[in-house]
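Report on the following structure.
Protein chains: 2
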Amino acid sequence: MQRKYLAKIFVTVRPSVLDPAGVAVQSGLKQMGYDNVEQVRIGKYIEVTIISPDEPKARQDLNQMCEQMLANPVIENYRFDLIEVESQTGVF
Amino acid sequence: MQRKYLAKIFVTVRPSVLDPAGVAVQSGLKQMGYDNVEQVRIGKYIEVTIISPDEPKARQDLNQMCEQMLANPVIENYRFDLIEVESQTGVF
Numbered sequence: 001m002q003r004k005y006l007a008k009i010f011v012t013v014r015p016s017v018l019d020p021a022g023v024a025v026q027s028g029l030k031q032m033g034y035d036n037v038e039q040v041r042i043g044k045y046i047e048v049t050i051i052s053p054d055e056p057k058a059r060q061d062l063n064q065m066c067e068q069m070l071a072n073p074v075i076e077n078y079r080f081d082l083i084e085v086e087s088q089t090g091v092f
Numbered sequence: 101m102q103r104k105y106l107a108k109i110f111v112t113v114r115p116s117v118l119d120p121a122g123v124a125v126q127s128g129l130k131q132m133g134y135d136n137v138e139q140v141r142i143g144k145y146i147e148v149t150i151i152s153p154d155e156p157k158a159r160q161d162l163n164q165m166c167e168q169m170l171a172n173p174v175i176e177n178y179r180f181d182l183i184e185v186e187s188q189t190g191v192f
């Protein structure tokens, strides 16, 4: 039996790393009159739907995907929430 | 008295809109051997620290920022969680 999981992945620039996109957006917001914005940090939000026999295997795959492709571990952190969306029987 | 809020903003491509970046990442993951990935959707995760007198005002500002700059309402949805991180007295 295979299960379907939805992973909500957050990839953020490490706090010690400069985020030029965030600085640019903050500057733009200031020009629009929002001078009450203290900081802007821009990251990625990725939703991955994955078929897996169980949750530990899904988590293992997702960690590998994040480290190898979705995040750059040198300058980014990642974390994800995992929810089971549907159980499926049959062959994939 | 001014309060400091942290908004965690999620900007996602509307379900009816094609997400080419997500399709490309899914294809890349498949080439790496992850053929159990059914869908990938890529959005933005933005953290904004904002100074505001109260929560309703902070929410109002953030909605305007999202609609005017952070998201493209034609093809993207947004939502945010707001938490108070610190209370501050004094003049800003």
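Here the protein sequences line up with chains A and B, keeping their order. For the first sequence, position 63 matches number 63 in this note's numbering, and the numbering has no gaps at all. For the second sequence, position 47 matches number 147 in this note's numbering, and the numbering has no gaps at all. Glycine is no exception: its CB is placed at the ideal position from the N, C-alpha and C atoms. Keep in mind the model is a prediction, meaning the values are calculated, not measured.
Item	Value
Could you check the C-alpha separation between V85(A) and V11(A) for me, to the nearest Å?	22 Å
Tell me whether V91(A) sits in a helix, a strand or coil according to DSSP, three-state version.	Only weak support exists for where V91(A) lies, its pLDDT of 48 falling under 50; the coordinates are left without a value.
Where DSSP assigns a beta bridge to K8(A), which residues make up the other side?	E47(A) and D81(A)
Can you pull out the residues from the region 35–50 of chain A whose beta carbon lies closer than 8 Å to at least one beta carbon of chain B?	N36, V37, E38, Q39, V40, R41, I42, G43, K44, Y45, I46, E47, V48, T49 and I50
Within 10 angstroms of the Cβ of K47(A), are there 16 or more other Cβ atoms? Answer buried if so, exposed if not.	The sequence shown places Glu at residue 47(A), not Lys. Buried is the call here.
What span of residues does the alpha helix (DSSP H) with D61(A) cover, start to end?	E55 to M65
Report the option in P120(B), R103(B) and K108(B) whose CA atom is closest to the CA atom of I175(B).	P120(B)
Which residues share a DSSP beta bridge with V113(B)?	E176(B)
What in chain B is Cβ-close to L29(A), meaning under 7 Å?	M165 and M169
Against chain A, does F110(B) count as a neighbour if the rule is that its beta carbon must be under 8 Å from one of theirs?	yes
Compare the Cα-Cα distances from S116(B) to each of P153(B), D181(B), C166(B) and N177(B) and report the closest residue.	N177(B)
Only counting the same chain, and skipping five residues up and downstream in sequence, which positions put a Cβ closer than 6 Å to that of C166(B)?	Y178
Please report how far the alpha carbon of R103(B) lies from the alpha carbon of R114(B), in whole angstroms.	33 Å
Looking only at C-alpha atoms, which of P73(A), Q64(A), I9(A) and D81(A) sits nearest to G122(B)?	I9(A)
If we ignore side chains and look at the alpha-carbon of each, how far apart do V91(A) and G143(B) end up?	Any answer about V91(A) is weak, because its pLDDT of 48 lies below 50 and its placement is not dependable; what the coordinates show is given next. Roughly 31 Å between the two C-alpha positions.
Inspect the CB distances between the region 120–139 of chain B and the region 49–66 of chain A and report whether three or more fall short of 8 Å.	yes
Can you confirm whether S52(A), when its beta carbon is compared against all beta carbons of chain B, has any partner nearer than 8 Å?	yes
Can you check which of these residues, R159(B), S127(B) and L170(B), is closest to S27(A) by C-alpha distance?	L170(B)
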